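The next block holds one structure in the form of structure tokens; read it before the comments.
Residue numbers (my numbering): -10 to 176.
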């Protein structure tokens, strides 16, 4: 458990959280993550491998779990069948199969808020969200309708609220009764 009074340094908070195993990885598998390098050395490959590894070493609450960007983000459960643990290569394959090219960052937070409220997870027990991404996220002005996105050009007018996607994510958490969103590490 990490209490905000224990340290004032964000690097220390991240180190404490990661060393506790209280984390959840989320690899970005969108096309922009494949534009640099060649397999298996592209940013996407590295993010998938690190996410698969992190799911193995996470604390019991987050062990064998990861999140993935998609139009409708969800938790990916990588527990093996009949008690057999998946190896890192099987985890990578599972992450690839359950991810798609969309980078619905706000949807990722919505799903994690839903999971944390259902499990009655306290502020101090929120996982650190480790996002392996180039941060080329879907537009914060997108409105999801029937599993597709409609982009509203009026979002640029002076009369429209111009809150950022990050601000919207924090609001999701505070509206759910949390003090703030979990610590997010972008890698």
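We put the CB at the ideal spot given by N, CA and C, even for glycine. On a predicted model such as this, the values are computed, not experimentally measured, just so you know.
In chain order, what residues of the same chain lie with their CB nearer than 7 angstroms to the CB of residue i, ignoring the 5 residues before and after it?
{"i": "residue 43", "result": "12, 14, 119"}
{"i": "residue 175", "result": "120, 122, 124"}
{"i": "residue 7", "result": "117"}
{"i": "residue 136", "result": "Interpretation of residue 136 is limited by its pLDDT of 44, a score under 50 that renders its predicted location unreliable; no figure is taken from the coordinates."}
{"i": "residue 102", "result": "161, 162, 165"}
{"i": "residue 159", "result": "169, 170"}
{"i": "residue 99", "result": "161"}
List the residues that DSSP assigns as beta-bridge partners of residue i.
{"i": "residue 66", "result": "54"}
{"i": "residue 15", "result": "120"}
{"i": "residue 173", "result": "118"}
Thinking C-alpha only, which one of the options is nearest residue i?
{"i": "residue 52", "options": "9, 18, 151", "result": "9"}
{"i": "residue 23", "options": "151, 33, 17", "result": "33"}
{"i": "residue 155", "options": "93, 104, 112", "result": "93"}
{"i": "residue 55", "options": "108, 109, 88", "result": "88"}
{"i": "residue 64", "options": "-2, 28, 50, 152", "result": "50"}
{"i": "residue 168", "options": "151, 111, 126", "result": "111"}
{"i": "residue 17", "options": "4, 39, 5", "result": "39"}
{"i": "residue 85", "options": "99, 104, 58", "result": "58"}
Sorted by chain position, which residues of the same chain lie with C-beta nearer than 6 angstroms to residue i's C-beta, five sequence neighbours on each side aside?
{"i": "residue 67", "result": "44, 53, 75, 80, 83"}
Q | Stretch pair the segment 45 to 65 + the segment 75 to 90: three plus CB contacts closer than 8 angstroms | A | Yes, the segment 45 to 65 is in contact with the segment 75 to 90.
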